[in-house]
Every structure is written in C-alpha cells, then in structure tokens.
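K.L.:
Got a structure for you, questions after.
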Amino acid sequence: MTTFEERILTPPAPRLLRSPGVYRPQYDTWLLAEAVAATGIPAGGRVLDVCTGTGALAITAAMLGAGEVTAVDVSRRAVLSARLNAWLNGRRIRARRGSMLALPATASFDVILANPPYVPCPPGTVTRGRRRAWDAGVDGRALLDPICRSMPLLLRPQGFLLLVHSVLSGVDTSLRQLRGCGLNADVVLRGRIPFGPVLSGRTVFLEREGLIAAGQRHEDLVVIRADRP
Ligand SMILES: C[S@@+](CC[C@H](N)C(=O)[O-])C[C@H]1O[C@@H](n2cnc3c(N)ncnc32)[C@H](O)[C@@H]1O
Numbered sequence: 075m076t077t078f079e080e081r082i083l084t085p086p087a088p089r090l091l092r093s094p095g096v097y098r099p100q101y102d103t104w105l106l107a108e109a110v111a112a113t114g115i116p117a118g119g120r121v122l123d124v125c126t127g128t129g130a131l132a133i134t135a136a137m138l139g140a141g142e143v144t145a146v147d148v149s150r151r152a153v154l155s156a157r158l159n160a161w162l163n164g165r166r167i168r169a170r171r172g173s174m175l176a177l178p179a180t181a182s183f184d185v186i187l188a189n190p191p192y193v194p195c196p197p198g199t200v201t202r203g204r205r206r207a208w209d210a211g212v213d214g215r216a217l218l219d220p221i222c223r224s225m226p227l228l229l230r231p232q233g234f235l236l237l238v239h240s241v242l243s244g245v246d247t248s249l250r251q252l253r254g255c256g257l258n259a260d261v262v263l264r265g266r267i268p269f270g271p272v273l274s275g276r277t278v279f280l281e282r283e284g285l286i287a288a289g290q291r292h293e294d295l296v297v298i299r300a301d302r303p
C-alpha cells in the first residue's frame, strides 16, 4: 500500500492573475493543492474554500471534479481576482466577499479548504491591507482557532477539511480542537521552506517567544486532514 506522500502529487496548475495586494500563491498554496490532488475531490461534491485569495485552491478543486465551489475572502480585490481566474480557467465558482467568521453554521460541504493567515506577529502589530493575508495575532491563531472550532459544523457527514499552516502556530492545538469537535484529524503532508521576508523581519520576536531556536531560519508547514465520521 502506498503512503500519502508516495502518491502522485501533481495538482492541476490553473492560470492565475491577481490584483495588487492580493496574496501571491506560494509554497503553502501549492502544498495544500498537492494534498487536495492526492486526497481527491468527491465527484460532484460541494467545496468551500475559505480565505481564497486568487481562488487558486477553489479553481484547483473545480478542476479535480467538484460539483459546486464556493470561495470566500474578506478582500474585495481577492474576490474579483478569484472570479477573473475562474473565468480564465473555464471553471465556475461562487466567489463571495465576507469574513469566514460570519459563515452560517449549516452542514453543507463535502470538502473545506483553508490556507488562512497564520503568521505570529509582535504585540501591537497593526494588521491591514495586504498584511491581512498573513498576520494572525501573537500566537498565529486568530483565524486558526475559529476554523478549527467552526468549520467542523459546516461539514456534511463523511466530509473533510484540509488545512495548511506553519508549525509556529500550534499544530497540536489545531489537532486537539478538531478532535474535540468529533473529527478524526491528522497531519498528512509536511514541507520545509526558508524564511521569506515577513518571518525574516520577525526573528527577534520569534526567538524571544521561543517559537524558533536561536539562528533558525526555516519553517515547517503542515497540511492537516480532518474527517467528519
Ligand atoms: C494566506 S492567504 C491564502 C490565499 C489563497 N487561499 C492561497 O492559498 O493562495 C489568506 C487569505 O485570507 C484572507 N482573509 C483574511 N482574513 C479573512 C477572514 N476573516 N475571512 C475570509 N478571508 C480572510 C486574506 O484576504 C487572504 O486572501
């Protein structure tokens, strides 16, 4: 039997444009896309992509056979980019502007995808504009806690969540919260990347908080899969 990592992890590559200020799809996006491709989307299934940005993951899900894809982002420019990109790739998605924190708690989706903001930031950091794509409070969990506690309510039976975030923002906490909501949750994929400009500018804070070892300049990302029985 092949392990998750041994499967062919070649997600489709949608053509993507983006308005200024919209998150540029990068390693975390593609790690989650690999997990989506390896897991598969139930044919005709209903998919929700929270924090959609360019719509990269929503469109990937549509390319992999989703029946209906809803994409949500708090940024107007992101929603416009997601709509444009869906059109460019000949896919239908419903892109809606709004906070994922305000989604109705009805069990409507077979698959939920989330690449939310998860970067820990020093106390007093003012988060606005494009920083809303990554800044997530001192512990990096401003969006992760609500996702782990409320997304399980939006999953249909046998539905699953795929969530990507950094180990700097508490993998055990995510797993505990998801399991506490009755889901079977585990890490299914990992990746390591050198610090980009955001984390490179926060090394003093991260070392002081004990989130990284002295001199550490890489971070590990994980994809968590959580299944509703
Ligand atoms: C790390 S980016 C990920 C974008 C895209 N999913 C990707 O993987 O390339 C996070 C996105 O979350 C959006 N966002 C931040 N807070 C949000 C909220 N409360 N509700 C919905 N979207 C939010 C940001 O605008 C940004 O587009």
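If you read the sequence shown in our numbering, its first letter stands for residue 75, the second for the next number, and so on.
Glycine residues also receive a C-beta, built at the ideal position from the N, C-alpha and C atoms.
Being a predicted model, the structure only gives us computed values, none of them experimental.
1. Under a three-way DSSP split, which group does Phe-279 fall into?
2. For Cys-125 and Gly-141, I'd like the C-alpha separation in whole angstroms.
3. Please list, in chain order, all residues of the same chain as Ala-135 whose beta carbon is under 6 Å from its beta carbon, the five residues on each side excluded.
4. Apply the 10 Å Cβ neighbour rule to Ala-117 and answer buried if 16 or more other Cβ atoms are within range, or exposed otherwise.
5. Who are the near neighbours of Tyr-361 in its chain, counting only those whose CB is closer than 6 Å to its CB and skipping five residues on each side?
6. Starting from the N-terminal side, write out each stretch of the beta strand (DSSP E) that is 3 residues or longer and does not extend beyond the stretch 79–126.
7. In the DSSP assignment, what are the bridge partners of Asp-294?
8. Does the stretch 155–173 come within contact of the stretch 99–112, defined as at least 3 CB pairs closer than 8 Å?
9. What do you get for Gly-303, buried or exposed, if any count of 16 or more other CB atoms within 10 angstroms of its CB means buried?
10. Excluding sequence positions up to five away, which residues of its chain have a Cβ less than 6 Å from the Cβ of Leu-217?
11. Express the C-alpha separation of Leu-263 and Leu-138 in angstroms, rounding to a whole number.
12. Taking its Cβ as the centre, do 16 or more other Cβ atoms sit within 10 Å of Arg-215, making it buried, or is it exposed?
13. So, helix, strand or coil for Arg-150, using DSSP?
14. Give me whichever residues DSSP pairs with Asn-258 in a beta bridge.
15. Excluding sequence positions up to five away, which residues of its chain have a Cβ less than 8 Å from the Cβ of Arg-168?
16. In this structure, does DSSP put Ser-240 in helix, strand or coil?
17. Which stretch, first to last residue, makes up the alpha helix (DSSP H) that contains Val-272?
18. Which of the three DSSP states, helix, strand or coil, is assigned to Thr-247?
19. Just verifying my parser: in three-state terms, what is the DSSP assignment at Pro-231?
P.N.:
A quick look at the data gives this:
1. helix
2. 20 Å
3. Ile-115, Val-121 and Val-143
4. exposed
5. The chain is shown from 75 up to 303; residue 361 falls before or after that span and cannot be answered.
6. 120–124
7. Arg-266
8. no
9. Before going on, a small fix: residue 303 reads as Pro here, not Gly. Per the 10 Å Cβ criterion, exposed.
10. Pro-190, Pro-191 and Ala-210
11. 19 Å
12. buried
13. helix
14. Asp-301
15. Glu-142, Val-143, Thr-144 and Ala-145
16. strand
17. 271–274
18. helix
19. strand
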